[in-house]
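Colleague: Mind looking over this structure? Questions follow.
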Amino acid sequence: MYQHIFDTHAHYVHGAFDIDRDALLSSLPEQGVCCVMLAGCSIADSRECIALAERHAHLYTAVGIHPEELHTIQEGWQSALTAMAAHPKVKAIGECGLDYHTKGYDKALQREVLVHQMTIARELGLPVILHIRDAMGDALELLRRYRPKGVIHCFSGSAETAEELVRLGLYLGFGGVLTYGNARRVVEAVKAVPEDRMLFETDCPYLTPQPHRGERNDSRNIRYVAELAAALRGTDAQTLINACCENGRRLFGIG
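Given below as structure tokens:
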């Protein structure tokens, strides 16, 4: 069994965990999971994440507004986000970003809300957890301009894009997508990223790795991602898990 697993992106407030949430979370440390970072998707979701993190010592959270949740924002959302970020369990702003995948998106509003969240993060000295989908060109423009510290979660781009993001000082999060048969670009990216810029994540309950694809995901499944990533990089899984754990602690300021 592996030790020192840090799941740097999880959604345990999701309804998929209603049946066994606290029992599952309580069991994770004895199964090698030392830390979990929750990701907030709206003001309400972020409040739930804080409440859940308060119940489990190994849970921390980010607070933020996902680009697909912009319909939930109301006047004063920036001050609400800033107030929540003062909580000792809050270690990042996010997940925030750009998502041009689904028709009907508002590009200008997405960019505006992302810039606001990056600004809040900078003012508070926090990293950002970034969600970028079908929008890497615009994202790179903003990242070059604002230079936030943080992580591109669920990275699925090319090795060349990975190298550019690392040059900007960002970390890259790798999860179950790496194990999928059509993940050729991610395979090349995971081989190219410096060890000190890698993070492991689940995005649970989504993106369950092989051999459990189609089932509910949780932090225990990081081992499959770590084993494949280690094989691709010519190292062993525990060594890579240890490095990614240290990277996560450093990025999020967790001792």
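At the far end of the sequence shown sits residue 995, using the working numbering, and the numbering has no gaps.
Think of the CB as a built atom: it goes at the ideal place given N, C-alpha and C, for glycine as much as any other residue.
Checking the sheet assignment: what are the DSSP bridge partners for Arg873?
Modeller: Here residue 873 is taken as the residue at index 133 of the sequence shown, counted from 1. DSSP lists Asp839 as partners of Arg873.
Colleague: Between the stretch 902–909 and the stretch 929–936, do at least 3 Cβ pairs fall closer than 8 Å?
Modeller: They touch, by the three-pair rule.
Colleague: For my contact list, Glu941 and Cys894 are in at a C-beta cut-off of 8 Å; report their separation, rounded to the angstrom.
Modeller: As a working mapping, residue 941 is identified with position 201 in the sequence shown. As a working mapping, residue 894 is identified with position 154 in the sequence shown. Right, their Cβ atoms sit about 7 Å apart.
Colleague: Is it true that the CB of Val803 sits closer than 8 Å to the CB of Leu792?
Modeller: Residue 792 sits at position 52 when you count from the first residue of the sequence shown. Residue 803 sits at position 63 when you count from the first residue of the sequence shown. No, the Cβ-Cβ distance between Leu792 and Val803 is not below 8 Å.
Colleague: So which of Tyr845, Cys836, Gly844 has the shortest CA-CA distance to Ala998?
Modeller: Limits of the chain in this structure are 741 at one end and 995 at the other, which puts residue 998 out of reach.
Colleague: Would DSSP call Ile783 helix, strand or coil?
Modeller: Within the sequence shown, residue 783 is the residue found at index 43, counting from 1. DSSP places Ile783 in helix when its eight states are reduced to three.
Colleague: Quick check: the Cα distance between Cys985 and Arg953, rounded to an integer number of angstroms?
Modeller: Working through the sequence shown from its first residue, we reach residue 985 at position 245. Working through the sequence shown from its first residue, we reach residue 953 at position 213. Looking at the two C-alpha atoms, the distance is approximately 24 Å.
Colleague: Determine the burial state of Leu866: buried for a count of at least 16 other Cβ atoms within 10 Å of its Cβ, exposed for fewer.
Modeller: Counting from one through the sequence shown, the residue named residue 866 turns up at place 126. Leu866 comes out buried.
Colleague: Using alpha carbons as the reference points, say which of His796, Gly993, Pro888, Gly755 lies closest to Cys999.
Modeller: Only positions 741 to 995 of the chain appear in this structure, which leaves residue 999 out of reach.
Colleague: Once you ignore the five residues that flank Glu967 on each side, which residues in its own chain have a CB closer than 8 Å to its CB?
Modeller: Looking up residue 967 in the sequence shown gives position 227. Excluding residues within five positions, the ones whose Cβ falls inside 8 Å are Ala977.
Colleague: If you draw a straight line from the alpha carbon of Tyr886 to that of His796, how long is it in whole angstroms?
Modeller: For this step, residue 886 is matched to residue 146 along the sequence shown. For this step, residue 796 is matched to residue 56 along the sequence shown. The straight-line gap from Cα to Cα measures roughly 34 Å.
Colleague: Tell me where the beta strand (DSSP E) around His856 begins and ends.
Modeller: Here residue 856 is taken as the residue at index 116 of the sequence shown, counted from 1. Run containing His856: none in the beta strand (DSSP E); it sits in the alpha helix (DSSP H), 847–864.
Colleague: What does the alpha-carbon distance come out to for the pair His749 and Gly916?
Modeller: Mapped onto the sequence shown, residue 749 falls at position 9. Mapped onto the sequence shown, residue 916 falls at position 176. Between His749 and Gly916, the C-alpha separation is close to 12 Å.
Colleague: Taking a contact to mean a Cβ-Cβ separation below 8 Å, would you say His806 touches His871 in this structure?
Modeller: Position 66 of the sequence shown, counting from 1, holds the residue named residue 806. Position 131 of the sequence shown, counting from 1, holds the residue named residue 871. Yes, Cβ-Cβ distance for His806 and His871 is below 8 Å.
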